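What follows is a short report on a single structure.
In our numbering, the protein residues as written are -10 to 1214.
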């Protein structure tokens, strides 16, 4: 592998011997050379040269070539030898997908003869997301000194310690190293002199500069008698003492361990959970994942902050070797003894899982209402299995009800089974206890795995989840053929009580495979989604870079941010800036690292510091943010040390005044402070650290922001919806939501919601009532039962009529009036003005459709068109005079076929047979109903139709006056009912209805009759009534489907009611300013905020929404990246998407062409005479030039002699036309 890669090294008197040896070895022996390049650029290939010829060429390396012409050109260029890659060469490694900057890092190569694989230190695996199961990587070999120096000083691994996403460490020790870290620092680890020395010598290499003093420094033993013994903590102290350079003081810090301190017993519970370093000595604590792993605030991170990236890199190398040596000495393996329980433990597990048999039935019975949920469930309570099965069938056939049952079942099994068995068995019931139990040592220290893994091996697998639900049910009502239909048991729903240790049953194995398959599919799908999302982001913001005035500008010069991230700080450098205790404790070392001991007054800007002080004082006194301009607006933080963000300044001032850790000297209060730290030098170090943390000019912040959003998005699951116990809390999450905000900038989002903060005077009950008042309420939600009776007989408008008598039974009016805050008048008005017109229109449409179907079947289209009259056209002679012709015209009632009555009768009978499943009436019952309806038709009682005979149930009045009042009231009600019925009969939209009656007193029922010609097609009226009832709204606010009280948010707001509404309608909410606080209206629809509140509000909304997407998945992304994305999207006052539509306004045609639809953008550029000034990175790549970002973002000025006489040197600027500066001489 090393003989394939070559480097053109110039020949000098210092390296000539090595290069001569390489030329003699030739191209096939390592370390050799492939070719020699002469001064003129002529290349001599060594592949066909024999040993003698190669030796001759090697001897002539320093001699000039005979082909050089004039003497003046001699020595201007050296010969170059294209030698093999050698030990210590700089290479750039890359693993795809290259999702962020650290996916390409610079390493020093070490050639291993005979090896066919790449080896890498474990600490770097996290940055590449690499493991050792066959991963392939790319190796790039820089081909000149400029590339080598940039790779070494910018892309080297030590500089990639912190991630740009949120400033957290990327590199750290993993797996066995962490396990050994726990073993090394536990209290019972003691070493004799020989072991102590062996550990130190295997870890530290004085010849590689690991020891600052040039030799290994040791510490005195902790125990002298009966023999000298060193603790494991002293080994760590010794390592740190050797790595710290002269002039620096020892590290002081404290932090927490991953390992639960209670695992160490009562003695260690108070101490071992906290890691304490004092002056470079490890006093107490365990070094595990939080301290030496890739975690923020740990031991390695503290060393990085105080002593710099080189020492932190060395510490990782040294600790890696030390812990590897320790593992060689004491070994580490995991066996079955670490997994099995004691006899008592097995009994505990069995007892805990005993409830699985009855739990499912109990929860299901409670859900379907067979067991009263108010009372504490009795396990002995008998549930009728037939009734339970019947109700379970109803639940499992309805999607929403099934989702509710799944949610309840999942929460109950998690609480009553999974948690119970875990808490009772792990880790107390195991045969081997921590820390001797290697499995527990691994999971608790963060080395590998989690409690879930240990739980699945030793306890049980638990509930298998598919798309947030339990295992789906087949049409038969079973999850698998071996279960009973509609079985309520938890096992049938995918809960596994078995464990890996003793094996799982076939059914459980199948369910587990289902859940595993979902994970694989999810991973495959989201990879492409997140990849395209990241490409769109990076393409849009590739030209954004920080200028020398700390502003962020696009390649065309347009300003995106006047100060990067609103405080000018680099994400990776600013993480420790606000840890004031750490800064005070390590102040001398930090000051030494900054290197400004004597030149402090030259660097600090007293003018900026004084203005900062005055501005903060003005705000503190007035409470008005506009009291004065912030210091950052007038004094650029990159130029003036002392100009900083108001939040950092205020926090530092508060810390100094309160001095909670007693680290700053205060003579008045008698506080000595840490190492003589005074208020003055503490503020000075803060100013300098802020200056040091300012983002560097030329930084490609746009690309970094795109990577910082794109890379974490690969960790998200693709779950679209998250149901938090109620439909109003349904929100889009994960990548679909990111795409909605960033890639499409959607006007109409999938799940819009509003957060309404009500006025403080509102009680919770009033808030709930208001929530019901603005929620969408359909007639179907108060309907208990719908009965449709179909009869044929003498009609009002037809001699032979088909009548549909429909009875709507509502829930008791007292209940629905209280529950939904509506009145009986609202209900009857909805029926009259919404339900009936909609039902008539749907019925006529269905009749027409059925009629057309029959005629097509019959095949005689000409006659069929005569039989089916259309509006406004003459229908010819009809067999029967219609009393209401418009009913026929619109509805298409006549569906008799051209063949005559026989076919019509046959079709009708067939239609009846098909509908038999739905119309469950027997012949006798039908006849009885028909007779009763006939009698009702004949006996006309108009005054009773208004309220359906409800006066029978009304109480008898006591006095004659009351009787008169009641009579008057009844009369008025009858009159109103009569008027209403006449209105319905005569209205063109509802004139198919021949009879209407509503129970005005109780409001519990309504009956009406639709009448059509008896020859019309058979239709399923019940289905139409149900659909019409669902779409008939009693109340609604346009755009809002529902609202509910958000109890969690209300508690956070200290009792002020907060509503969560599904849907968006901000102007409608402004009308309720006596109820809603208008200053706290919020919606997740960025477009609506932009429309109603302007572009600044929309920009803030984008940041909030992006943060909530990542926060919901437990991912932290620095707000500086999100504000940059939001500023870019709203750069022109609108809401532009990261898509080709959003890029239309980009100044660079090459950028647009290299993104998507190349020909389209090329055509537009040519036809419009567009031009490209080659400032955009895409344009420069297309034309093969160096990008004007990073080290290419500035030009080099060189002093050159003017004339041959060697006069005064003058500075001549060479413009970077092609991005290269030639340096000769």
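For every residue, glycine included, the Cβ atom is placed at its ideal position computed from N, Cα and C.
Note that the structure is a prediction, hence the values are computed from the model and not measured.
- Under a 10 Å Cβ-count criterion, residue 371 is classified as exposed, with fewer than 16 other Cβ atoms of the shown protein chains found around its own Cβ.
- For residue 416, the closest alpha carbon among the candidates 477, 480, 351, 338 is that of 338.
- Taking 4 residues as the shortest admissible run, the region 723 to 791 contains the following complete alpha helix (DSSP H) segments, listed from N- to C-terminal end: 723 to 727, 753 to 763.
- Measuring C-alpha to C-alpha distances from residue 818 to each of 739, 196, 989 identifies 989 as the nearest.
- Inclusion of residue 1111 and residue 1095 in the CB contact set at 8 Å is warranted, their separation being smaller than that value.
- Taking all protein chains in view, the Cβ of residue 643 is surrounded by fewer than 16 other Cβ atoms within 10 Å, so the residue is classified as exposed.
- Distances from the CA of residue 251 to each of 423, 403, 524, 357 were compared; the closest alpha carbon is that of 423.
- Comparing alpha carbon positions, the residue from 491, 127, 633 closest to residue -10 is 127.
- In the three-state scheme derived from DSSP, where H, G and I count as helix and E and B as strand, residue 314 is classed as helix.
- Counting only residues of its own chain and dropping the five nearest sequence neighbours on each side, residue 1145 has a CB closer than 8 Å to the CB of 1129.
- Within a 10 Å sphere around the beta-carbon of residue 388 sit fewer than 16 other beta-carbons, which makes this residue exposed.
- Scanning its chain for C-beta atoms nearer than 8 Å, with the 5 sequence neighbours on each side dropped, one finds around residue 1064 the residues 747, 748, 751, 759, in chain order.
- Of the residues 40, 54, 259, the one whose Cα lies closest to the Cα of residue 30 is 54.
- When DSSP states are grouped into helix, strand and coil, residue 649 belongs to the coil group.
- Between residue 1172 and residue 545, the C-beta gap is not smaller than 8 Å, which leaves the two residues out of contact.
- Around the beta carbon of residue 190, a 10 Å sphere encloses fewer than 16 other beta carbons of the protein chains shown; the residue is thus reported as exposed.
- Going by DSSP, residue -2 is part of the beta strand (DSSP E) stretching over -5 to -1.
- Contact check between the region 19 to 35 and the region 77 to 89: fewer than three CB pairs, one atom from each, fall below 8 Å, which does not count as touching.
- Excluding five sequence positions before and after residue 286, the CB atoms of its chain that fall closer than 6 Å to its own CB belong to 244, given in chain order.
- When secondary structure is reduced to three states using DSSP, residue 627 falls in the coil class, being assigned neither helix nor strand.
- Excluding the 5 residues flanking it on each side, residue 787 has same chain C-beta neighbours closer than 6 Å at 1002, in chain order.
- Residue 94 is bridged by DSSP to 82.
- When rounded, the separation of the alpha-carbon atoms in residue 375 and residue 768 is 32 Å.
- When the Cα atoms are used, residue 391 and residue 721 turn out to be separated by approximately 21 Å.
- Note on the region 1038 to 1106: whole alpha helix (DSSP H) runs with a minimum of 4 residues are 1055 to 1059, 1075 to 1082, 1084 to 1101, in chain order.
- For residue 243, there is no enclosing alpha helix (DSSP H); the enclosing beta strand (DSSP E) has its first and last residue at 242 to 245.
- Of all C-beta pairs linking the region 521 to 540 to the region 1150 to 1161, fewer than three are shorter than 8 Å, placing the two stretches out of contact.
- When secondary structure is reduced to three states using DSSP, residue 685 falls in the coil class, being assigned neither helix nor strand.
- By the neighbour-count criterion, in which a residue is buried when 16 or more other Cβ atoms sit within 10 angstroms of its Cβ, residue 3 is exposed.
- Of the candidates 1, 42, 28, the residue whose Cα lies closest to the Cα of residue 14 is 42.
- Take the alpha-carbon of residue 345 and the one of residue 479: they are about 7 Å apart.
- Annotated three-state conformation of residue 185 is helix, per DSSP.
- For residue 146, the number of other beta carbons within 10 angstroms of its own is at least 16, and it is reported as buried.
- For residue 223, the uninterrupted alpha helix (DSSP H) run begins and ends at 221 to 232, by DSSP.
- For residue 982, no alpha helix (DSSP H) encloses it; the enclosing beta strand (DSSP E) starts and ends at 982 to 987.
- Residue 34 sits in a strand when the DSSP states are folded into three classes.
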